[in-house]
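S.K.:
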Amino acid sequence: MNQLFDLSNNTVVVSGGAGLIGSALTRGLADHGAAIVVADAAVDRGATLADEVKGRFVETDVTSEASMRDCFETVVSEFGTVDGFVNCSYPRNENYGQSYETMTYADWRENVDLHLNSYFLGAYLASQVMVGQQGGGSIVNFGSTYGIQAPNFAVYEGTGMTSPVEYSAIKGGVLNLTRYMASYLGRDGVRVNSLSPGGVFDNQHPEFVERYEERTAVGRMAEPEDFIGAVVYLVSNASTYVTGHNLVIDGGWTIR
Ligand SMILES: NC(=O)c1ccc[n+]([C@@H]2O[C@H](COP(=O)([O-])OP(=O)(O)OC[C@H]3O[C@@H](n4cnc5c(N)ncnc54)[C@H](O)[C@@H]3O)[C@@H](O)[C@H]2O)c1
Numbered sequence: 001m002n003q004l005f006d007l008s009n010n011t012v013v014v015s016g017g018a019g020l021i022g023s024a025l026t027r028g029l030a031d032h033g034a035a036i037v038v039a040d041a042a043v044d045r046g047a048t049l050a051d052e053v054k055g056r057f058v059e060t061d062v063t064s065e066a067s068m069r070d071c072f073e074t075v076v077s078e079f080g081t082v083d084g085f086v087n088c089s090y091p092r093n094e095n096y097g098q099s100y101e102t103m104t105y106a107d108w109r110e111n112v113d114l115h116l117n118s119y120f121l122g123a124y125l126a127s128q129v130m131v132g133q134q135g136g137g138s139i140v141n142f143g144s145t146y147g148i149q150a151p152n153f154a155v156y157e158g159t160g161m162t163s164p165v166e167y168s169a170i171k172g173g174v175l176n177l178t179r180y181m182a183s184y185l186g187r188d189g190v191r192v193n194s195l196s197p198g199g200v201f202d203n204q205h206p207e208f209v210e211r212y213e214e215r216t217a218v219g220r221m222a223e224p225e226d227f228i229g230a231v232v233y234l235v236s237n238a239s240t241y242v243t244g245h246n247l248v249i250d251g252g253w254t255i256r
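According to the numbering used here, numbering within the sequence shown proceeds without interruption in unit steps and concludes at 256.
Written as structure tokens, this is what we have:
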């Protein structure tokens, strides 16, 4: 039974692997035996984490086709395969997080480009490696509850926080990109799934945290470690018949 979740023959590239969620995934996947490639723009954090998990750090810019092609070439030449690819970066411009009133069309365009297009690029290049290799591969795209549901703006009132409009469009796009790729690549042995987290606790405004927690079924925000089990499942042989699925991990936020 344990072999279902054993990743000791797997090389997994975690894009954004040095981030809040990505670093938990990096550690969790390594604990399950995977050879880990931390692909991130943050050199210090990425290299330190890769050392910790006895993995490899590759400095990448997920928004650059040349950088991502280099990354996959490096991984294939050093590890032989890319068995898992996790799209967990969070590229955004310096104005990201504006309200509906203060955002500009230029920022909308730039943020959609940075995030949605880079998710396509990483998943697309990963799939090209996976289609040609024995055993295929598994891709996990990070979505969000805001990709399936509109924000409840009451939780942000008086906190200076919001969820920007482009985020909903980006994450809705990521979820349906996942379905397209799953449908197209299924016969080639490549599975493509998305994972939609609810809000992760990160020392946000206390009023936001209180309201958010009250609206979840389990009574708390997520911790980055809450997503490890799901990603291990989606990358491993435990999920060989699972593709095109959106796994919602939100403490019951979206059922209420
Ligand atoms: N944190 C949450 O509450 C939450 C909730 C739902 C969904 N998500 C999703 O989870 C994913 C990860 O979010 P997070 O909170 O861990 O973000 P984060 O900002 O903590 O980490 C993102 C990582 O991406 C890297 N990155 C940013 N731009 C890059 C670029 N151009 N090239 C390479 N690396 C780059 C950063 O260096 C960072 O290490 C995102 O898709 C986000 O939308 C997060």
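We put the CB at the ideal spot given by N, CA and C, even for glycine.
Only a predicted model underlies this, so the values are computations on that prediction, with no experimental measurement involved.
1. When you compare only the Cα positions, how much space is there between residue 241 and residue 191?
2. Is residue 189 closer than 9 angstroms to residue 244 when the C-beta atoms are compared?
3. Leaving out five residues before and five after residue 199 in sequence, what residues of the same chain have Cβ atoms less than 7 angstroms from its Cβ?
4. Among 111, 123, 96, whose alpha-carbon lies nearest the alpha-carbon of residue 69?
5. For residue 140, name the three-state secondary structure that DSSP assigns.
6. Quick check on residue 255: buried or exposed, where buried means 16 or more other Cβ atoms within 10 Å of its Cβ?
7. Please determine, among 202, 59, 55, the residue with the shortest C-alpha to C-alpha distance to residue 79.
8. Does at least one heavy atom of ligand 1 sit under 8 angstroms from the Cβ of residue 70?
9. Would you mind working out which of 5, 53, 125, 62 sits nearest residue 24, comparing C-alpha positions?
10. Take residue 72 and list the residues in its own chain whose beta-carbon comes closer than 6 angstroms to its own, dropping the five residues that flank it on each side.
11. Going straight from the alpha carbon of residue 47 to that of residue 121, what length do you get?
12. What three-state label does DSSP hand residue 39 in the structure shown?
13. So which residues touch the region around ligand 1, with touch meaning a C-beta under 6 angstroms from any heavy atom?
14. If you reduce the DSSP assignment to three classes, tell me which class residue 17 lands in.
15. To the nearest angstrom, how far is it from the Cα of residue 115 to the Cα of residue 134?
16. Please classify residue 158 as buried or exposed, where buried requires at least 16 neighbouring CB atoms within 10 angstroms.
17. In its own chain, which residues sit with a C-beta less than 6 angstroms from the C-beta of residue 63, not counting the 5 before and 5 after it?
18. Roughly how many angstroms lie between the CA atoms of residue 39 and residue 18, to the nearest whole one?
19. Rounded to whole angstroms, how far is the Cβ of residue 231 from the Cβ of residue 195, which I believe are closer than 8 angstroms?
20. Find the nearest neighbour of residue 180 within the set 193, 106, 101, judged by alpha-carbon distance.
M.R.: Let me spell this out:
1. Rounded to the nearest whole angstrom, the C-alpha separation of residue 241 and residue 191 is 8 angstroms.
2. No, these two residues do not count as a Cβ contact at 9 angstroms.
3. 212, 221, 222
4. 123
5. strand
6. exposed
7. Residue 55 is the option with its Cα nearest to residue 79.
8. no
9. 53
10. 125, 129
11. 23 angstroms
12. strand
13. 16, 18, 19, 20, 21, 22, 40, 41, 42, 60, 61, 62, 63, 88, 89, 90, 91, 142, 144, 197, 199, 200
14. coil
15. One Cα belongs to residue 115, the other to residue 134, and the distance between them is close to 30 angstroms.
16. exposed
17. 91, 114, 118
18. 8 angstroms
19. 7 angstroms
20. 193
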